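Protein sequences, first through last, are from chains A and B.
Its first residue numbered 1, the first sequence is counted upward by one per residue in UniProt numbering.
Its first residue numbered 1, the second sequence is counted upward by one per residue in UniProt numbering.
The next block holds one structure in the form of structure tokens; read it before the comments.
There are 2 protein chains.
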Amino acid sequence: MRVELLCTGDELVTGLITDTNSTYLEARLFDLGVKVERVVLVGDVRPDITHALLSAAARADVVIVSGGLGPTADDFTLECAAAAAGVPLVEDARVLGWLRERYAARGMSTELNPGQLRMARIPQGAEPVRNPAGSAPLVALTLGRCRLFFLPGVPREYKALLDAEVLPRIRAWLEAEPGRVYRAFRLLRTVGLGESVVDQFVKPLVPLHPRVVFGFRTHAPENHLKLMAEAPSQAEAEAALAAVEADCRRVLGTHVFGADAEEYAPVLLGMLERAGATLAAAESCTGGLISQQLTAVPGASTVFIGGAVVYAEKMKAAWVGVPPAVLERHSAVSRETAIAMAEGVRAACGTTYGLSVTGYAGPGGGTPEDPVGTVYCALSGAGMPTRCERRTFSGDRDRVRLFAASHTLEMLRQHLLAAPAMP
Amino acid sequence: MRVELLCTGDELVTGLITDTNSTYLEARLFDLGVKVERVVLVGDVRPDITHALLSAAARADVVIVSGGLGPTADDFTLECAAAAAGVPLVEDARVLGWLRERYAARGMSTELNPGQLRMARIPQGAEPVRNPAGSAPLVALTLGRCRLFFLPGVPREYKALLDAEVLPRIRAWLEAEPGRVYRAFRLLRTVGLGESVVDQFVKPLVPLHPRVVFGFRTHAPENHLKLMAEAPSQAEAEAALAAVEADCRRVLGTHVFGADAEEYAPVLLGMLERAGATLAAAESCTGGLISQQLTAVPGASTVFIGGAVVYAEKMKAAWVGVPPAVLERHSAVSRETAIAMAEGVRAACGTTYGLSVTGYAGPGGGTPEDPVGTVYCALSGAGMPTRCERRTFSGDRDRVRLFAASHTLEMLRQHLLAAPAMP
């Protein structure tokens, strides 16, 4: 099945908006085994849209068009579709009814103004489908042997109509094709390994799993491994996926923190909650990044008690009790200070665990021994010796902060994996 | 001048990567007065690339192509270009020399492997331009009356070559065109006003400035107003821009925090630094977002002393001295607690100013009087009564946190604007 996408709108060709709708749809289609052949973006110019519709319809089996269905004067995609099909635009009674119902439910007048009436005019013979998330309907149209779908460009409406209407139809057409291939997917999320290391660990597995397509995606500080198994039946695809997932988990070990939609901070908070443990953090160079990432998760307050952003030296003493002598003898960026911060924030908050990080995020600062990018990360816990790790990260200030926060949190996750029964 | 963009690569049509290169280039071209006519994305399929090159070259004066210039087997864009032009690919001695110099400078072998040699093969008659940020050169080629540029798809290399080589040539061609229009630009960045309010304030100015194009862009929690003046000379364009900027600043007032590339946190830190003032923050529902935004700016440590993420009630008492009686009588989300937090963090850190925020970010929590989305923001300063403002923000947890942090910081910026000479 040949699929093309056509997106219309001046905002897409003048740098005002990046087309993320297509990225979403491409990924959904790829999961169905369809690689989009071409994506075309054109501005709000009638002959350009009509020409792009005609040439896409001549090449493809399915064309998914977005944008230009609204009530304003620069919304004329369906006009172009009618011109391409050689049919008139006609007012559709079903669409009129949906619009009136929608406005009535919102306490608005059901006397449609000229702009609203535009949304009810569709190419003769086209099929309108009600939009659950907005006004303009989805419109399906056949041009020669090509099936076209017209969707609003607003991402929320676009995704709602794709998921509820367009993708199920495409799936049904694919299932009706002879020699159909079945697929199963898993996304393994890793942290603490570079992309090339993940690649190197996984590469020997590739020839062992001929039914599996391996994909890598860097999402700093994480690396994600996407596995797609293809087979003549769903059961075989699931079996091939289970086998490759087990192999990948074996070589990647505890660097895999989650699968599919599982994100890092909720995973870590869930582990703490199941262990009945609480957490506090003292941050210097990361400046609140650790606290912010954890508290972005709803319900974090059951586990996360407090965070101290001890940017100035005196606050390291005042809030988390770093002895002035330690700061004086070893400096604020040192193993000793990191350890005192982790122990101090745990004591101040009365938590099971305390995390800390101090370092040189750059671009200024650093010493010959500890250049810019060097961070000390520490983990303190009840009944265990405090651990401290020194790392040097390359890149700019944002990147050093991101990786420093990640490494610090990862010290705790690795500890929890090794000692799950700790009180 | 008709300009089209062509981007090649399987990752662009399978949902792995969103094409942000084109957004960047479209905006740069729009600043030169050129609206891109069409953007086409195709996968790594030779006939598709060749066909897209030929049809773009038939329509456009300039085509900017990206991707597929690297050393691997799926890099064959220049092969397709040679096919489209009907010329052979030839090894170019200049490119060979640049590659050898580059590898030598990195201590790598100058014996090029077959993949590296591929990067030196360009269409006969094409002009290579050295890539300052990578290996594969920029290649310029003429096809009929159309001028084509081939760029690497890696964003860093793409932008470097665009800015240094491609855009200056396009600018020169535009300047040589008869009836040339001159342009001047200003981006005004506002905060604290909804998009529709900015629009409503500015709309009456539109007919007064016929030489100016007004553009709006929402960048939550900010709204940006883009002004483009067009005139037959640069001096007239600058004059028209100065007039409209003055009018816009008058109606938008102190909601304008910066122009062009000025970002919020550096602007606020700069104001504090010039005032010789220091700052501390106590955060509850924003969980470190304020501290994190400020400390993301290099050199923030001269002004920002510390931040307390007082997520649990006991930490509000321990770190920023909120009296337990206040928490008990008024609860953690209240005007009284916010005021005590702001005063307490200022006292703990010994700073000129203290900011605080406490509220219900959701999705859980809230009371009938203070539903989810309600936040209390406070500002404490030496020799001034502490101020507290209550706001209710709509949207999800992330949005409430973002707007709560912004509103809290904005209380300080507005205070500094009104009292610039405060010690």
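For each residue, glycine too, the CB sits at the ideal point set by N, CA and C.
Nothing here was measured: the structure is a model prediction, and the numbers come from that model.
DSSP links residue 107 (chain B) through a beta bridge to no other residue.
Taking a C-beta distance under 8 Å as the contact criterion, residue 287 (chain B) and residue 264 (chain B) do not qualify as a contact pair. Boundaries of the beta strand (DSSP E) harbouring residue 228 (chain A): 222 to 231, taken from the DSSP string. Within the DSSP bridge table, the entry for residue 149 (chain A) names A:64 and A:140 as partners. Shown here, residue 388 (chain B) sits in a strand according to DSSP, grouped into three states.
By the C-beta criterion, the region 151 to 158 of chain B is judged not to be in contact with the region 99 to 109 of chain B, since fewer than 3 inter-stretch pairs fall below 8 Å.
With a threshold of 8 Å between beta carbons, residue 27 (chain B) makes contact with chain A. Residue 183 (chain A) is classed as buried because its beta carbon has at least 16 other beta carbons within 10 Å across all chains shown. Residue 108 (chain B) is classed as exposed because its beta carbon has fewer than 16 other beta carbons within 10 Å across all chains shown. Annotation: residue 157 (chain B) has no Cβ neighbours in chain A at a cutoff of 8 Å; minimum Cβ distance is about 17 Å. The DSSP assignment places no complete run of the alpha helix (DSSP H) inside the region 349 to 410 of chain A (cut-off: 4 residues). At least one C-beta of chain B is nearer than 8 Å to the C-beta of residue 24 (chain A). Annotation: residue 186 (chain A) is outside any alpha helix (DSSP H); the continuous beta strand (DSSP E) that includes it extends over 182 to 191.
In the DSSP annotation of this structure, the continuous segment of the alpha helix (DSSP H) that includes residue 50 (chain A) starts and ends at 46 to 59.
Taking residue 115 (chain A) as the centre and dropping the five residues before and after it, the same chain places the C-beta of 71 and 72 closer than 7 Å to its C-beta, in chain order. Residue contact check for residue 292 (chain B) against chain A: a CB pair falls below 8 Å.
Using a Cβ-Cβ cut-off of 7 Å, residue 30 (chain A) is close to 14 and 15 of chain B, given in chain order. Residue burial annotation: residue 357 (chain B) is buried, with at least 16 other C-beta atoms found within 10 angstroms of its C-beta. By the C-beta density criterion, residue 384 (chain B) is exposed, having fewer than 16 other C-beta atoms within 10 angstroms.
The C-alpha of residue 88 (chain A) lies about 10 Å from the C-alpha of residue 81 (chain A).
A direct Cα-to-Cα measurement between residue 306 (chain A) and residue 255 (chain B) gives close to 33 Å. Closest in alpha carbon position to residue 90 (chain B), among B:410, B:339 and B:121, is B:121. The beta carbon of residue 202 (chain A) lies closer than 7 Å to those of 214, 225, 248 and 251 in the same chain, with the five residues before and after it left out. Exposure of residue 179 (chain B) is indicated by the presence of fewer than 16 other C-beta atoms within 10 angstroms of its C-beta. At a C-beta separation below 9 Å, residue 397 (chain B) has these neighbours in chain A: 296, 297 and 298. Sixteen is the threshold: when 16 or more other Cβ atoms of the shown chains lie within 10 Å of the Cβ of residue 136 (chain B), as they do, the residue is buried. Residue 60 (chain A) and residue 3 (chain A) do touch by the CB rule: their CB atoms are close to 6 Å apart, below 8 Å.
Taking a Cβ-Cβ threshold of 8 Å, the residues of chain B close to residue 37 (chain A) are 13, 42, 43, 45 and 48, in chain order.
DSSP, read as helix, strand or coil, puts residue 128 (chain A) in strand.
A distance below 6 Å between beta-carbons, with the five flanking residues on each side excluded, links residue 283 (chain A) to the following residues of its chain, in chain order: 290, 309 and 357. The Cβ neighbour count for residue 46 (chain A), taken over all protein chains shown within 10 Å, is under 16; the residue is labelled exposed. Across the set B:161, B:145, B:345 and B:144, the C-alpha of B:161 shows the shortest separation from the C-alpha of residue 151 (chain B).
Within 10 angstroms of the beta-carbon of residue 408 (chain A) lie 16 or more other beta-carbons, which makes it buried. Between residue 39 (chain A) and residue 29 (chain A), the C-beta gap is not smaller than 8 Å, which leaves the two residues out of contact. Assigned with DSSP and collapsed to three states, residue 330 (chain B) falls in helix.
In this structure, the alpha-carbon of residue 296 (chain B) lies about 28 Å from that of residue 337 (chain B).
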